[in-house]
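*Asks:* Just so we're aligned: the sequence shown equals residues 146 to 232 in the numbering used here. Backbone N, C-alpha and C fix where the C-beta goes; we use that ideal spot for every residue, glycine too.
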Amino acid sequence: MKNKTFQILVFAICVAGYIALAIAGQATAEYMTLVGPVLAAAYLTTHLGQQDQALDEIKENTNGVLTKRIETAVKNALAMDRQRPGP
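(1) Just tell me which of ALA172, GLY170, ALA186, ALA169 has its CA closest to the CA of PHE156.
(2) Is the number of C-beta pairs between the segment 176 to 186 and the segment 157 to 167 that are closer than 8 angstroms three or more?
(3) Indicate the three-state DSSP secondary structure (helix, strand or coil) for ARG229 in the structure shown.
(4) Please state whether DSSP places GLN171 in a helix, a strand or coil.
(5) Thinking C-beta only, is THR191 closer than 7 angstroms to ASN221?
(6) Return the chain-ordered ranges of every beta strand (DSSP E) run that is complete within the segment 174 to 227 and spans a minimum of 3 residues.
(7) Compare the beta carbon distance of LEU166 and TYR176 with 7 angstroms and say whether it is the shorter of the two.
(8) Taking just the CA atoms, how far does THR173 sit from GLN198?
(9) Rounded to whole angstroms, what is the Cα-Cα separation between ASP226 and GLU205?
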C-alpha cells in the first residue's frame, strides 16, 4: 500500500508541475523529458519488488519441493532394495 501511495504522490506532483508550466506558458517538453524517467522509476520500484517475491516463491516451489520429492524417492528405492531377498 505504501508503494501505491508513493506512486500516486509522484504522479500527482508531476501532473501538477506540468499544469503549472502549461499555465505559465513555459516549455513543457523538457519537463516531460525529465519527468518520464522519474515516473518510470516510481512504477518499476513496486513491480520489481513484486517480481522478487514471485521469483522467491518459484524458487522454493521448484528447488524445495523437487529436492524433497527426490529425497523421498531415493529413500523409498533404498527401502525396497533392502526388502528384496538376496541372490
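*Replies:* In short:
(1) ALA186
(2) yes
(3) coil
(4) coil
(5) no
(6) none
(7) yes
(8) 38 angstroms
(9) 31 angstroms
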